[in-house]
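Undergrad: Note that UniProt numbering has the sequence shown beginning at 1, numbered continuously upward.
For glycine and all other residues, C-beta sits at the position ideal for the given N, C-alpha and C.
Predicted model only: the values in this text are computed from it and were never measured.
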Amino acid sequence: MVARAGVMKRRISNVAATSANNVPSLSLMEELFGDDFPEAFAGSVGGYVHKSRRTILDLPAELLAVICEDLSKLDIKRLRLVNRSLAKRVELRIDRVYISPNRANLESLQRILGHKRYRNRVQEIIWDDAQLEEYSSLEDFSHAIHNDEKQLVNDIETRLEDAINGQNDDSFDYQALEYGDLFQDGRLTDVAKGLLLRYDDQTSRDLIARCAAMMSVEESYAIYQDLYREEQEIMKRGDDVAALQYALTGFPNVRRITLTSEIWRPWNLLPTYDTPLFRSLPPGFRKPSVWPWLGPRPHPTPAQTAHRDKVMAQPLDGLPTEWRGYSILVSALIALPNPKIEEFIIDVGNEPTGLPHQLFAAPNEDYTLTLRMLQHLPLKKLQLALNSHGAAHVGYTYLTSGLLFSALNTLPNLESLDLNTNSHARIIRLVEFWTDPSKLLPLSLMQRLSHFALRNTVLCTNLCSRLYPFLASMTNVRSVVLDN
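1) Hey, could you find the ends of the beta strand (DSSP E) glutamine 383 is sitting in?
2) Who pairs with tryptophan 127 in a beta bridge, going by DSSP?
3) If we ignore side chains and look at the alpha-carbon of each, how far apart do residue 499 and alanine 212 end up?
4) Since alanine 453 sits in a beta bridge, which residues does DSSP pair it with?
5) Just reading off the beta strand (DSSP E) that phenylalanine 360 is part of, what are its end residues?
6) Do you know how far the Cα of methionine 446 is from the Cα of isoleucine 156?
7) Find the nearest neighbour of aspartate 347 within the set Gln383, Leu443 and Ser136, judged by alpha-carbon distance.
8) Shortest alpha-carbon distance to glutamate 322 belongs to which of Pro302, Pro292, Leu329 and Thr301?
9) Locate the alpha helix (DSSP H) running through isoleucine 223, then write down its first and last residues.
10) Rounded to whole angstroms, how far is the Cβ of leucine 359 from the Cβ of leucine 316, which I believe are closer than 8 angstroms?
11) Tell me where the alpha helix (DSSP H) around aspartate 206 begins and ends.
12) Would you kindly check if the distance between the Cβ of proline 283 and the Cβ of residue 485 is under 8 angstroms?
13) Short of 7 angstroms in beta carbon distance, which residues of its chain neighbour alanine 144, apart from the five on each side in sequence? Order them along the chain.
14) I need the straight-line Cα distance from tyrosine 118 to tyrosine 221, nearest angstrom please.
15) Quick check on threonine 421: buried or exposed, where buried means 16 or more other Cβ atoms within 10 Å of its Cβ?
16) By how many angstroms is the C-alpha of tyrosine 398 removed from the C-alpha of leucine 392?
17) Buried or exposed: asparagine 83, going by 16 or more other Cβ atoms within 10 Å of its Cβ?
18) Let me know the secondary structure DSSP gives glutamate 134 once reduced to three states.
19) DSSP three-state call for leucine 188: helix, strand or coil?
20) Give me the DSSP bridge partner(s) of aspartate 347.
21) Please classify serine 423: does DSSP put it in a helix, a strand, or coil?
22) Could you tell me how far apart the beta carbons of proline 437 and leucine 467 are, in whole angstroms, since I believe they sit closer than 8 angstroms?
23) Please return the same chain residues whose Cβ sits closer than 6 angstroms to the Cβ of asparagine 476, not counting the five positions on each side in sequence.
24) Under the three-state reduction of DSSP, which class applies to phenylalanine 470: helix, strand or coil?
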């Protein structure tokens with residue numbers, strides 16, 4: 001048996017079995033394997049020159065496809081760049097598409113829709129609901145940028161302080177350095193670079209490279225303004241809504257819908273999702289973070305705090321504009337004639353945000369639409385996250401009203417449930433309230449689940465005991481996650 005270029009071959013040999021105890025000669029190997037004798041034994045030993053010069057290009061298309069299944073998407077792209085033959089024979093692995101109100105994502109979506117093979121491979125549609133915020137002045141934009149970069153700057157400052165403290169006593173000049181000596185427009189000065197290079201490690205080199213690639217705030221602001229205007233125009237025309245409708249009908253094998261606020265957080269060097277928009281941005285572009293769905297901000301202005309408190313405490317007549325994407329998705333999915341969507345995911349990462357708690361606090365039009373969507377789709381997996389900010393003002397009714405219970409009870413095919421209520425312990429203790437699992441989770445549903453996750457849901461001791469019957473009744477369960 002020999003493995004060559006990913007192909008396993010076995011030949012029937014006429015060589016006597018007694019020869020197996022001898023040290024194999026090149027002629028023996030030649031007789032065993034013929035022209036496919038491996039190149040690992042190539043050379044001029046004994047005058048032998050191997051006959052086979054086959055490469056990966058000689059592999060059948062089917063075997064090449066099998067090999068590429070174990071390669072990352074990035075490696076596949078690199079392989080296609082080797083030569084024209086591989087560019088034609090190796091196809092991209094496109095299993096998801098992104099929709100948001102920007103030109104780069106929508107143009108990429110259109111190209112995939114127009115490709116006769118790639119469109120059949122798409123299994124997931126991701127809606128990016130992190131809309132850009134308006135910055136009317138360069139000063140406001142710069143302030144937001146520097147707020148995002150505070151943690152990075154703090155990390156660099158700590159490293160620089162360690163480097164300075166490690167100097168000899170006669171290096172008084174280093175001790176007198178101030179912030180302006182080390183940073184200019186968020187970038188490292190030559191003095192700071194010199195200090196970091198004293199570490200002679202990869203972390204310091206990465207920090208220097210990242211800061212060196214940064215655009216100026218002025219350059220980034222000009223690009224950001226163009227992106228913001230483009231986004232507003234697309235939303236006004238409804239191009240992203242139309243794109244979603246085309247995608248739901250144009251990709252026949254879509255099984256998962258993901259609504260996310262986590263495309264690009266400031267603490268991630270690279271975004272969670274590698275979108276066409278991100279790839280289209282120039283190197284070093286500095287983009288302020290957006291904080292979708294009225295989630296907590298690290299440095300909110302008084303106006304932002306007041307708006308969040310007001311919206312999250314008042315009764316829900318209609319979903320606020322912050323949840324535009326959810327409203328669009330629900331309406332589009334209800335309109336599907338023969339839906340095949342099996343998974344509906346709300347991805348908030350580790351952030352305490354999600355759909356507004358008012359959606360399940362009292363009957364409302366958006367809850368009715370949500371119920372219709374859940375009844376209409378043959379869902380096998382549901383990942384649901386809720387934003388509980390302001391729920392204390394209405395007595396945490398989103399957990400006790402029975403609406404969430406009723407919604408979960410309308411999913412006869414559900415096999416996996418990931419529920420994040422974001423009912424924080426420090427708040428709930430103040431109002432002496434705890435979640436009763438019997439009012440939240442239908443027992444009949446629990447008995448069907450193969451996977452169950454309950455996150456950020458506080459249970460007091462006596463109510464914890466009520467959760468045990470649910471867990472014990474899960475005869476089909478394979479995994480349980482209790483995360484707080």
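TA: Taking the geometry as given:
1) Locating residue 383 in the sequence shown gives position 383, counting from the first residue. Looking at the DSSP string, the run of the beta strand (DSSP E) that includes glutamine 383 is 381 to 387.
2) Sequence index remark: in the sequence shown, residue 127 carries index 127 (1-based). Tryptophan 127 pairs with Ile99 and Leu259.
3) Because the chain spans 1 through 484 in this model, residue 499 falls outside it and cannot be assessed.
4) Start at 1 with the first residue of the sequence shown, and residue 453 comes out as number 453. BP columns for alanine 453 point to Asp418 and Val481.
5) Within the sequence shown, the letter at position 360 stands for residue 360. Element bounds for phenylalanine 360: n/a, residue is neither H nor E.
6) Residue 156 sits at position 156 when you count from the first residue of the sequence shown. Residue 446 sits at position 446 when you count from the first residue of the sequence shown. For isoleucine 156 and methionine 446, the distance between alpha carbons rounds to 49 angstroms.
7) Walking along the sequence shown from the start, residue 347 turns up at place 347. Closest option to aspartate 347, Cα to Cα, is Gln383.
8) As a working mapping, residue 322 is identified with position 322 in the sequence shown. The residue from Pro302, Pro292, Leu329 and Thr301 with its alpha-carbon nearest to that of glutamate 322 is Pro292.
9) The residue you call residue 223 lines up with position 223 of the sequence shown. First-last of the alpha helix (DSSP H) with isoleucine 223: 217 to 237.
10) In the sequence shown, counting from the first residue as 1, residue 359 sits at position 359. In the sequence shown, counting from the first residue as 1, residue 316 sits at position 316. Taking 8 angstroms as the upper bound for CB-CB distance, leucine 359 and leucine 316 are in contact here, some 6 angstroms apart.
11) Taking the first residue of the sequence shown as position 1, residue 206 is located at position 206. The continuous alpha helix (DSSP H) containing aspartate 206 extends over residues 202 to 213.
12) No answer is possible for residue 485: it lies beyond the span of the chain, which begins at 1 and ends at 484.
13) The residue you call residue 144 lines up with position 144 of the sequence shown. Within the same chain, Cβ atoms closer than 7 angstroms to the Cβ of alanine 144 are found at Tyr135 and Pro288, the five residues on either side in sequence being excluded.
14) Locating residue 118 in the sequence shown gives position 118, counting from the first residue. Locating residue 221 in the sequence shown gives position 221, counting from the first residue. Taking the straight line from one Cα to the other gives about 36 angstroms.
15) On the sequence shown, residue 421 is found 421 positions in, with the first residue counted as 1. Buried, by the Cβ-count rule.
16) If you number the sequence shown from 1, residue 392 lands on position 392. If you number the sequence shown from 1, residue 398 lands on position 398. Sequence check: residue 392 is alanine here, not leucine. C-alpha separation (whole angstroms): 10 angstroms.
17) Counting from 1 along the sequence shown, the entry for residue 83 is found at position 83. So asparagine 83 counts as exposed.
18) Locating residue 134 in the sequence shown gives position 134, counting from the first residue. Here glutamate 134 sits in coil by DSSP.
19) The count along the sequence shown starts at 1 and reaches residue 188 at position 188. Three-state result, leucine 188: strand.
20) Numbered from its first residue, the sequence shown carries residue 347 at position 347. DSSP links aspartate 347 through a beta bridge to Thr260.
21) Here residue 423 corresponds to residue number 423 of the sequence shown, with the count starting at 1. Serine 423: strand per DSSP, three-state reduction.
22) Sequence index remark: in the sequence shown, residue 437 carries index 437 (1-based). Sequence index remark: in the sequence shown, residue 467 carries index 467 (1-based). Yes, proline 437 and leucine 467 are in contact; Cβ-Cβ is about 5 angstroms, under 8 angstroms.
23) Counted from its first residue, the sequence shown places residue 476 at position 476. Once the five neighbours on either side are set aside, the close Cβ partners of asparagine 476 are Ser450.
24) Along the sequence shown, read from residue 1 onward, the residue named residue 470 stands at position 470. Assigned with DSSP and collapsed to three states, phenylalanine 470 falls in helix.
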